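Each residue of the sequence shown is one higher than the one before, counting from 1 in the numbering used here.
No residue lacks a Cβ here, since even glycine has one placed at the ideal position from N, Cα and C.
Here the structure is a predicted model, which is why all the values come from computation and not from measurement.
Worksheet: the structure to be examined is printed underneath.
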Amino acid sequence: MVVLGIETSCDETAASVVDATGVRSDVVYSQTIHEAYGGVVPELASRGHVEKIGAVVAASLHEAGVERPDVVAATSGPGLMGAVLVGLSYAKGLAAAWNVPFVGVNHLEGHLLSPLLEDPAPSFPFLALVVSGGHTTLYLAEDIGKYSVLGSTRDDAAGEAYDKTARLLGLGYPGGPVVDRLAATGNADAVPLPRPMPGELDFSFSGLKTAVRNRVQRFPDDNVEDVCAGFQAAVLDCLMNRIEAASRSTGITRVAIAGGVAANSGLRARLMASDLTVTMPPKSRCTDNGAMIANVGRLYALRGQFHDLSFAAQPGWALT
Ligand code: KG4
Ligand code: ZN
Numbered sequence: 001m002v003v004l005g006i007e008t009s010c011d012e013t014a015a016s017v018v019d020a021t022g023v024r025s026d027v028v029y030s031q032t033i034h035e036a037y038g039g040v041v042p043e044l045a046s047r048g049h050v051e052k053i054g055a056v057v058a059a060s061l062h063e064a065g066v067e068r069p070d071v072v073a074a075t076s077g078p079g080l081m082g083a084v085l086v087g088l089s090y091a092k093g094l095a096a097a098w099n100v101p102f103v104g105v106n107h108l109e110g111h112l113l114s115p116l117l118e119d120p121a122p123s124f125p126f127l128a129l130v131v132s133g134g135h136t137t138l139y140l141a142e143d144i145g146k147y148s149v150l151g152s153t154r155d156d157a158a159g160e161a162y163d164k165t166a167r168l169l170g171l172g173y174p175g176g177p178v179v180d181r182l183a184a185t186g187n188a189d190a191v192p193l194p195r196p197m198p199g200e201l202d203f204s205f206s207g208l209k210t211a212v213r214n215r216v217q218r219f220p221d222d223n224v225e226d227v228c229a230g231f232q233a234a235v236l237d238c239l240m241n242r243i244e245a246a247s248r249s250t251g252i253t254r255v256a257i258a259g260g261v262a263a264n265s266g267l268r269a270r271l272m273a274s275d276l277t278v279t280m281p282p283k284s285r286c287t288d289n290g291a292m293i294a295n296v297g298r299l300y301a302l303r304g305q306f307h308d309l310s311f312a313a314q315p316g317w318a319l320t
């Protein structure tokens, strides 16, 4: 079964073709216009998707050598309403024109199941940390469509904390990759920061962001690499603490990570060094992409579960 997946929920216009052999094409156009604003401007995102969607989809089909897939899938939420609508409407139009079934995909489920595209794929049940610009949630994945939340952020997402810290340090947007790179040569011990860990398996990153701001005001001469390293060490301690605690309490040692922050080299290194059995998508497939959407579309299509073309965009679509 050949599935075309389309993703436009935020600032990536992406399309991919996935079939039983794996990912046959994976085309991502990242909008750059938002850099000037220090964050994603929703209206500009929607217009950018309109400009690129045709070319991105055509390139993904061409690269895969596919003229007409068996199924079309598209992100239907959560995300920016206008942005989601562009990819979703385009996908529905293609499904109607080709007379093939359609699957509306939850973006978070896309990230959560993206490790299944890896070889070897984790077998159920596994723990999955979805950590991105909008979400930081630790799930227990028992089967396709069967997820429970073990812990979640009470305020900012980890990626949001990266982006806000980068902005504070004048490093631009998105902040994750640049903070990650600078942290590699910094001395984390030179910039001690708190590790906020609220009850249970939850996360909290807004206090850490404030602590960075206070630190930078008090010690303006701190070297930027050290600040990045101190910040990253604090974030990673929180993430690792929760993953390890969840593994102990559930007895499950298979862990998958997904979402933009899963591209973080420090997080990847810490997980590799742990006793856990870890699956992580390659960095390019941690940030938003069409393959993760085609993958979920395909998994539901294989079960005969489709949506009709009246399926609406749901900007706040909850996964559990
Ligand atoms: O999954 P994604 O592309 O979009 C959302 O659904 O949010 O994640 C984007 C987030 C941004 O906050 C970005 O700064 C962060 O992922 N990010 C990283 C890294 N690469 C991207 N954070 C830390 N380290 C990275 N290497
Ligand atoms: Zn995402």
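DSSP-derived helix/strand/coil call for E142: strand
Closest to V28 by CA distance: which of R285, A91, V50 and G266 is it? R285
With distances taken between CB atoms, is the gap from A45 to A83 smaller than 9 Å? Yes, the pair counts as a contact, with Cβ atoms nearer than the cut-off.
Would you list the residues whose beta-carbon is nearer than 6 Å to any heavy atom of ligand 2, in the order they occur in the chain? H107, H111, S132, G259 and D288
Exposed or buried, what is F219 when buried is set at 16 or more other beta-carbons lying within 10 Å of its beta-carbon? exposed
Check whether the Cβ of S249 lies closer than 9 Å to any Cβ atom in chain C. Absence of chain C from the displayed structure is noted, only one protein chain being present.
Among the residues of its own chain, which have a CB less than 8 Å from the CB of E12, if the five just before and after it don't count? V28, Y29, S30, Q31, T287, D288 and N289
When you compare the CB positions of V103 and H307, do they come within less than 9 Å of one another, or not? Closer than 9 Å, so yes.
Contact test: S60 Cβ vs ligand 1 heavy atom, cutoff 8 Å: no
Compute the distance between the beta-carbons of K92 and V105, then report whether it is under 9 Å. no
With V23 and A258 assumed to form a contact (beta carbons below 8 Å), what rounded beta-carbon distance in angstroms separates them? About 15 Å separates the two Cβ atoms, so there is no contact after all.
Answer with buried or exposed for D26, where buried requires no fewer than 16 other C-beta atoms within 10 angstroms of its C-beta. buried
Using a Cβ distance threshold of 8 Å, determine whether the region 188 to 195 contacts the region 221 to 240, with at least three qualifying pairs required. yes
Could you tell me if the beta carbon of S9 falls within a distance shorter than 8 Å of some heavy atom in ligand 1? yes
Could you tell me whether the region 127 to 143 touches the region 152 to 168, where touching means 3 or more Cβ pairs closer than 8 Å? yes
Looking at ligand 1, does it come within less than 8 Å of S284, judged from the CB to the closest heavy atom? no
How about T165 and G175: are their beta carbons less than 9 Å apart? G175 is positioned such that its CB atom lies closer than 9 Å to that of T165.
Go ahead and pull the three-state DSSP assignment for A74. strand
Same chain, Cβ closer than 7 Å to C10, five either side skipped, listed in chain order: V40, A45, G79, L80, A83 and D288
What are the residues that DSSP puts in a beta bridge with F203? T153
From P120, V149 and A161, pick the residue whose C-alpha is nearest to that of L201; which is it? Closest in alpha carbon position to L201, among P120, V149 and A161, is V149.
Compare the C-alpha of V2 against each of A263, H34, A301 and G266 and name the closest. A301
Within a Cβ cutoff of 6 Å, which residues of the same chain sit near V50, ignoring the five residues on either side of it in sequence? V86
Does the Cβ of G176 lie closer than 8 Å to at least one heavy atom of ligand 1? A heavy atom of ligand 1 is found nearer than 8 Å to the CB of G176.
If you measure from the CB of V135, is any heavy atom of ligand 1 nearer than 8 Å? Note on identity: in this sequence residue 135 is His, with Val being the wrong assignment. Yes, Cβ of H135 sits closer than 8 Å to a heavy atom of ligand 1.
Kindly confirm or deny that the region 94 to 103 and the region 271 to 285 touch, where touching means at least three C-beta pairs closer than 8 Å. no
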